[in-house]
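For reference, the structure discussed in these notes is given below.
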Ligand SMILES: Cc1cc2nc3c(=O)[nH]c(=O)nc-3n(C[C@H](O)[C@H](O)[C@H](O)COP(=O)(O)OP(=O)(O)OC[C@H]3O[C@@H](n4cnc5c(N)ncnc54)[C@H](O)[C@@H]3O)c2cc1C
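Residue numbers (our numbering): 59 to 340.
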């Protein structure tokens, strides 16, 4: 056997933030890495993300930052940080007993450490670009894991938009030495693994749905301070706490805020049934 063929072939299922970073680690160890992703390339502007109509922001904490720091890619963090905004604490928005609106900052850390607002799509794209530049990595899009045999080390993928004469998508079979399942909440890798390992898995839904909103950036006039593009403080994670719900706003680099309303489904049903009550609710 040649030296080349002895290399471990690691396949990663899913090219989200976890799959791309895990692939980077495997590639740095010298494995031959293949990443199979159900969707098209996120960097192609016509690709619509699986779960998000827009790219919602992520709050990146030390755990994620350190994982990137240890990836062996010295410029990775620099690239990610170039478009992040530090959030040094929470800003709690409320109404006092006398009816006045107030803002109350709460710093996260006595040493001034922060969490960072980052564009989810941008982070994912940066990780994909790093992988693309590595000779031992192959990115394979539009491939959906449909089956795996962990004894024979084989996996099957459906190739989207590849209709056969029967009208079904074409399926391919590949061999692997090691599989990393990073295919999200409804993981097919986990489902197939459960047939080979005595592994229990339980999924529970909480009765909370979410809905995304935007606070647009302020249009700047000539001579305006760049910072004034933000309508509320850019260095906080804004929270409007409620009894059963929570509204949050995370800054984006362009001056807008991506906001999320988390609420029990019944409340969403009510607002949907009486859309005129939405402004009063806010
Ligand atoms: C409203 C909301 C707000 C959040 N805010 C934060 C936050 O502020 N900070 C934070 O850290 N986290 C946050 N999260 C959680 C965060 O989004 C997830 O933890 C993160 O996306 C998980 O990454 P992942 O790579 O494991 O999975 P995913 O991002 O789900 O990626 C999985 C990938 O696998 C692909 N895939 C799925 N099935 C297959 C298959 N059969 N074959 C091949 N590919 C497949 C999918 O297309 C996808 O690209 C938030 C989540 C939500 C819903």
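Think of the CB as a built atom: it goes at the ideal place given N, C-alpha and C, for glycine as much as any other residue.
Keeping to the same chain, check which residues put their C-beta closer than 7 Å to that of residue i; ignore five residues upstream and five downstream.
{"i": "residue 312", "result": "275"}
{"i": "residue 320", "result": "266, 268, 303, 304"}
{"i": "residue 323", "result": "265, 267"}
{"i": "residue 160", "result": "152, 154"}
{"i": "residue 72", "result": "95, 240, 241, 242"}
{"i": "residue 178", "result": "113, 114, 115, 116"}
{"i": "residue 259", "result": "248, 252"}
Heavy atom of ligand 1 less than 8 Å from the Cβ of residue i, yes or no?
{"i": "residue 104", "result": "no"}
{"i": "residue 298", "result": "no"}
{"i": "residue 97", "result": "yes"}
{"i": "residue 214", "result": "no"}
{"i": "residue 322", "result": "no"}
{"i": "residue 307", "result": "no"}
{"i": "residue 75", "result": "yes"}
{"i": "residue 183", "result": "no"}
{"i": "residue 148", "result": "no"}
{"i": "residue 187", "result": "no"}
{"i": "residue 180", "result": "no"}
{"i": "residue 201", "result": "yes"}
{"i": "residue 115", "result": "yes"}
{"i": "residue 241", "result": "yes"}
{"i": "residue 94", "result": "yes"}
{"i": "residue 85", "result": "no"}
At a cut-off of 8 Å, would you count residue i as near ligand 2, judging by its Cβ distance to the nearest heavy atom?
{"i": "residue 334", "result": "Ligand 2 is not among the ligands present in this structure, which contains only ligand 1."}
Helix or strand or just coil, what does DSSP make of residue i?
{"i": "residue 286", "result": "helix"}
{"i": "residue 299", "result": "strand"}
{"i": "residue 91", "result": "strand"}
{"i": "residue 174", "result": "strand"}
{"i": "residue 258", "result": "coil"}
{"i": "residue 184", "result": "helix"}
{"i": "residue 115", "result": "strand"}
{"i": "residue 165", "result": "strand"}
{"i": "residue 86", "result": "helix"}
{"i": "residue 132", "result": "coil"}
{"i": "residue 311", "result": "coil"}
Between the options, which has its C-alpha nearest residue i's C-alpha?
{"i": "residue 91", "options": "338, 236, 285, 253", "result": "236"}
{"i": "residue 196", "options": "145, 99, 317, 296", "result": "99"}
{"i": "residue 96", "options": "264, 246, 301, 299", "result": "246"}
{"i": "residue 142", "options": "131, 130, 173, 126", "result": "173"}
{"i": "residue 199", "options": "69, 336, 65, 330", "result": "69"}
{"i": "residue 83", "options": "283, 248, 336, 188", "result": "188"}
{"i": "residue 273", "options": "288, 262, 259", "result": "288"}
{"i": "residue 210", "options": "231, 201, 194, 335", "result": "231"}
{"i": "residue 346", "options": "175, 150, 280", "result": "Coverage of the chain is limited to positions 59 through 340, which leaves residue 346 absent and any answer about it impossible."}
{"i": "residue 105", "options": "183, 116, 257, 136", "result": "183"}
{"i": "residue 339", "options": "298, 168, 314, 163", "result": "298"}
{"i": "residue 102", "options": "328, 180, 257, 203", "result": "180"}
{"i": "residue 300", "options": "156, 279, 150, 281", "result": "150"}
{"i": "residue 255", "options": "207, 170, 306", "result": "207"}
{"i": "residue 170", "options": "213, 222, 120", "result": "120"}
_3 or more residues per run - each beta strand (DSSP E) lying fully within the segment 187 to 255_ = For the segment 187 to 255, whole beta strand (DSSP E) runs of length 3 or above, ordered along the chain, are 195 to 198, 201 to 207, 212 to 221, 227 to 233, 236 to 239.
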